[in-house]
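The structure appears below as structure tokens.
Residue numbers (this note's numbering): 436 to 649.
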């Protein structure tokens, strides 16, 4: 059974008095606003204030490092579908911000990265991934998904990040791709932690296992 509105999101709506249609979608976000900190007050990426992730050589097998770049897919179909469209828009916005933070971390480690958001409710995730890879061949794929989960007597919102290796093989009538499992993480987002922190944690796992870094 689909939940109409998770408790954390309802609490946020009540606290912010989000009762009118002209309220921006960000008012419906089920966490404090500093969770969306991706850029500083001067407009610079928050990574500027952090120690460079790839200033040291990664600990992993360098043969696994992406050479063609990483595609980051997120958006409709990857996220939980709320009956309240404003809740779905808020989660879509959150997924975009997190994907952009991931992109920034990966690019700073010398690997190309592009964010591909699925903004269409009618485009299946499989088709969105296929369209993404058709635009530009990548050898790494990151899937971002956001969904509520039962925790004890309540419901919390989690963001899951999964990395897949992509191995291409040429054929007479086109190319085929084989996927392999890489790092995966899941974090509770109804908290004070900024999304950029979760992006740094995942990028650190990629670096330490040799998928990014220089």
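Glycine is no exception: its CB is placed at the ideal position from the N, C-alpha and C atoms.
Contact belief for residue i with residue j at Cβ below 8 Å, rounded distance in angstroms
i	j	result
residue 604	residue 571	With 8 Å as the limit, residue 604 and residue 571 do not qualify as a contact, their Cβ atoms being about 18 Å apart.
residue 575	residue 614	No, residue 575 and residue 614 are not in contact; Cβ-Cβ is about 10 Å, not under 8 Å.
residue 637	residue 620	5 Å
residue 513	residue 580	4 Å
Coarse secondary structure for residue i, derived from DSSP in three states
i	result
residue 536	helix
residue 503	coil
residue 413	No information on residue 413 is available, as it lies outside the stretch 436 to 649 that the chain covers here.
residue 517	coil
residue 573	coil
residue 624	coil
residue 527	helix
Close beta carbons around residue i, own chain, < 8 Å, minus the five adjacent residues each side
i	result
residue 639	488
residue 538	507, 548, 549 and 550
Status (buried if at least 16 other CB within 10 Å, exposed otherwise) for residue i
i	result
residue 498	exposed
residue 561	exposed
residue 611	exposed
residue 532	buried
residue 565	exposed
residue 557	exposed
residue 635	buried
residue 559	exposed
residue 616	exposed
residue 569	exposed
residue 602	exposed
Exercise for the section: Could I get the ranges of all uninterrupted beta strand (DSSP E) runs contained in the region 543-568, with 3 residues as the minimum, in chain order? Expected result: Here the runs fully enclosed are 548-553.
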